[in-house]
Amino acid sequence: MAQPADARRGAQEAVERAAQWFAQCRRLDMQGLADELGINRATLFRRVGGREVLLARALWIETERCLAIAAERWESEKPADALHTTGSLRHFNAIVARSKGLRTLLDDEPALAMRILTDPRGPIQQGTVAAVADSLRRDVEDYGLEPIIGPDDLAYALVRIGESFLYADVLAARTPDVEKADRLQRALIEGASA
């Protein structure tokens, strides 16, 4: 059954407010958020689901914003014949690595953070893979990139490489390394060309 328009607006407001809290490095507290929205906790849960669902939706808002900023930065500086994807990914990795909200979440709730960020059915990984695949398709169309595997599979591999290096401290007790992620992603794009 579809939600009434008021409930959808209320849910979107809750997600946007949760995204603001994330950006401010505030822990998402459902009671505190309900109080701030002027609703009771049960109404908040009814509108958005549980805390993990709400946090995933809020993180997706931030991820979309980061993807857009990364693409804009690269397009404003890229050489005429440079691929869209390589520079956009480099900027995206740098933005993610500098995110204080993400660092706070990874430090305070690492298991939850990894569940949300790397869930193959969740909005962050699915959305990021889709955005990278779209960028690869633009490279095929604009620059004749001829990947030996499809854009969706290549995008998935690129995103997983980024996750492995950006969240290395949580995943593998290693130091996060944006430069290695960039080099490997670029090598994979270039090496996956026919």
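Per the working numbering, the sequence shown runs over residues 2 to 195.
The C-beta atom is built at its ideal place from N, Cα and C for all residues, glycine as well.
As the structure is a prediction and not an experimental result, all values here were calculated from the model.
Could you give the C-beta distance for Ile150 and Leu185, rounded to a whole number, given that I count them as a contact under 8 Å? Taking 8 Å as the upper bound for CB-CB distance, Ile150 and Leu185 are not in contact here, some 16 Å apart.
Go to Glu149, then tell me how far its alpha helix (DSSP H) extends in each direction, as first and last residue. Note that residue 149 is Ile in the sequence shown, not Glu. For Ile149, there is no enclosing alpha helix (DSSP H), as DSSP gives it neither H nor E.
I need the straight-line Cα distance from Leu84 to Asp183, nearest angstrom please. Going by the C-alpha atoms only, they are around 14 Å apart.
Grouping DSSP H, G and I as helix and E and B as strand, with all else coil, what is Asn94? Here Asn94 sits in helix by DSSP.
Compare the C-alpha of Pro266 against each of Thr105, Tyr157, Arg138, Phe93 and name the closest. Nothing can be reported for residue 266, as the shown portion of the chain is limited to 2 through 195.
How would you label Asp140, buried or exposed, when you count the other beta carbons within 10 angstroms and need 16 or more for buried? Around the beta carbon of Asp140, 16 or more other beta carbons lie within 10 angstroms, which makes this residue buried.
In terms of residues, what are the limits of the alpha helix (DSSP H) holding Gly102? 101-109 is the extent of the alpha helix (DSSP H) around Gly102.
Under 8 Å by Cβ, that's how I've got Thr86 and Leu137 pegged, so tell me the actual separation to the nearest angstrom. The C-beta distance from Thr86 to Leu137 rounds to 5 Å, short enough to fall under 8 Å.
Is the CB-CB distance between Leu68 and Ala132 below 8 Å? The criterion of a C-beta distance shorter than 8 Å is satisfied by Leu68 and Ala132.
Beta-carbon spacing of Val179, Ala98 below 8 Å: It is a contact, given that the beta carbons lie within the stated cut-off.
7 Å CB neighbourhood of Ala1 in its chain, flanking five on each side removed: With the chain covering 2 to 195 only, the question about residue 1 has no answer from this structure.
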